[in-house]
Amino acid sequence: MGEELWISYVGAAIRLSIPLLLAAIGVLFMSKSGILNIGMEGMVLIGALAGVVGAYYGGNVWAGLAAGALVCGLVGIIYAFLTVTTGADQVIIGTALNLLGLGLTTVFGRSLLGMGSETIQVDAVPVPHIPLLQNIPWIGPALFEQNLLAYLAFLLVPITSVVLYRTRWGLTVRAVGENPLATDTLGVRVHRVRYTCCLIGGMLAGLAGCALSLGILNQFTENMVAGRGFIALSAVIFGRWTPAGTMGASLLFGGADALQLRIQSFGIEIPYQFMLMFPYILTMLALAWFSGKARQPAATGKPYKSAANRHA
6 MGEELWISYV GAAIRLSIPL LLAAIGVLFM SKSGILNIGM EGMVLIGALA
56 GVVGAYYGGN VWAGLAAGAL VCGLVGIIYA FLTVTTGADQ VIIGTALNLL
106 GLGLTTVFGR SLLGMGSETI QVDAVPVPHI PLLQNIPWIG PALFEQNLLA
156 YLAFLLVPIT SVVLYRTRWG LTVRAVGENP LATDTLGVRV HRVRYTCCLI
206 GGMLAGLAGC ALSLGILNQF TENMVAGRGF IALSAVIFGR WTPAGTMGAS
256 LLFGGADALQ LRIQSFGIEI PYQFMLMFPY ILTMLALAWF SGKARQPAAT
306 GKPYKSAANR HA
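Next comes the structure, spelled out in structure tokens:
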């Protein structure tokens, strides 16, 4: 593999892994607090549309990023209300969120952006210029010609590790995800912790959507997420609910996505339908292999009624 081809592939693999990594870190925060977010696909799709709408009407990409994060943060709060406060089944609410996200983005995309009549292009997330590092042979252009969301995503990995494993709040989050009754007995406000994690997860889902619509395509198209929200959930399982493992899984799945695009462009005699399936086949195989070997937080997906409400 020549240097130019290598740089092109690695650069594409990193770009395609960024939406997965941002969404997966959001899933990780929610999972650690005991929230199962099947609805990440819908959240990311809503964030992708909100980002383009914000950038288009706000006049710059920063308005788009803010819109994506804030809108999906609100979606995260609504998800928390339905699953934490009312105790609704998290799988059902997540599935409904996916369907709602697809429907809402189609309707609002057509009404706000005129999808179907013309393609609206918006400004892309800027790529910072890093003079010396970009000139390193083989790896420089691939690693150091990425947009700002890429650096944010990778920076969030050690930050998440420190927050979850080196702070008192992180210990509380993990305790809530393992045994909410015990933490509630100790005076921890379980619902507040879960609401906070849903807010964080929602905002990261919004940024993941922006990484697609503002970081890669510079536009919004219907159902553009194409299963990446589910792959992000798989990345957390594959990574054994750890930030570093989640990053590795996101890079693996992003690399598989980039590989199928490169193979198609080479004109190799493989049915393109198979190549389109390749990232999803890899995801299924990874889940089949690792899902039984990794233990999720014990209270994940289980509604919890606080002691105060039980005695009310």
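As numbered in the working numbering, residues 6 to 317 make up the sequence shown, in order.
C-beta: ideal position from N, C-alpha, C; glycine also.
Remember, predicted model here, so these are calculated numbers, not experimental data.
Residue i Cβ short of 7 Å to the ligand MG heavy atom set
i: leucine 160; result: Only the bare structure without any ligand can be found here, which leaves the ligand MG out of the picture.
Under the three-state DSSP convention, the category residue i falls into
i: proline 142; result: coil
i: valine 167; result: helix
i: glutamate 183; result: helix
i: arginine 267; result: helix
i: glutamate 150; result: coil
i: arginine 245; result: coil
i: leucine 191; result: coil
i: threonine 177; result: helix
i: serine 255; result: helix
i: proline 284; result: helix
i: phenylalanine 159; result: helix
i: alanine 291; result: helix
i: alanine 261; result: helix
i: isoleucine 40; result: coil
i: phenylalanine 279; result: helix
i: isoleucine 135; result: coil
i: glycine 59; result: helix
i: alanine 237; result: helix
i: glycine 52; result: helix
i: glycine 250; result: helix
i: glycine 306; result: coil
Beta-carbon proximity list for residue i, same chain, < 7 Å, skipping 5 on both sides
i: serine 239; result: Thr288, Ala291 and Leu292
i: glutamine 301; result: Ser36 and Trp246
i: alanine 216; result: Ile23, Pro24, Leu27 and Leu154
i: valine 32; result: Asn42, Met45, Gly206, Ala237, Leu238 and Val241
Per-residue burial, residue i [other beta carbons within 10 Å of its own, 16 or more giving buried]
i: histidine 134; result: exposed
i: methionine 208; result: buried
i: tryptophan 246; result: buried
i: phenylalanine 279; result: exposed
i: asparagine 228; result: exposed
i: asparagine 140; result: exposed
i: glycine 64; result: exposed
i: glutamate 46; result: buried
i: isoleucine 12; result: buried
i: proline 136; result: exposed
i: threonine 190; result: exposed
i: glutamine 126; result: exposed
i: threonine 172; result: exposed
i: leucine 104; result: exposed
i: isoleucine 205; result: buried
i: methionine 48; result: buried
i: serine 218; result: buried
i: valine 96; result: exposed
i: leucine 10; result: exposed
i: leucine 256; result: buried
Residue i, enclosing alpha helix (DSSP H) - first and last residue
i: tryptophan 11; result: 8-37
i: methionine 208; result: 195-217
i: proline 131; result: No alpha helix (DSSP H) holds proline 131; DSSP gives it neither H nor E.
i: valine 230; result: Counting along the chain, valine 230 falls outside any alpha helix (DSSP H), and DSSP gives it neither H nor E.
Close beta carbons around residue i, own chain, < 8 Å, minus the five adjacent residues each side
i: proline 131; result: Val66, Asn152 and Leu153
i: isoleucine 30; result: Ala158, Leu161, Val162, Thr165, Leu209, Pro248 and Thr251
i: alanine 68; result: Gly59, Ala60 and Tyr62
Neighbourhood of residue i by C-beta distance below 6 Å, restricted to the same chain and skipping five residues each side
i: leucine 21; result: Gly259, Asp262 and Ala263
i: proline 142; result: none
i: threonine 305; result: Ser36, Gly39 and Leu41
i: arginine 179; result: Lys37
i: cysteine 202; result: Phe34, Met35 and Ser38
i: alanine 147; result: Ile12, Val15 and Gly16
> In the segment 61-129, which residue ranges form an unbroken alpha helix (DSSP H) of at least 4 residues, counting only runs that do not cross its ends?
Replying inline: 66-85 and 95-118
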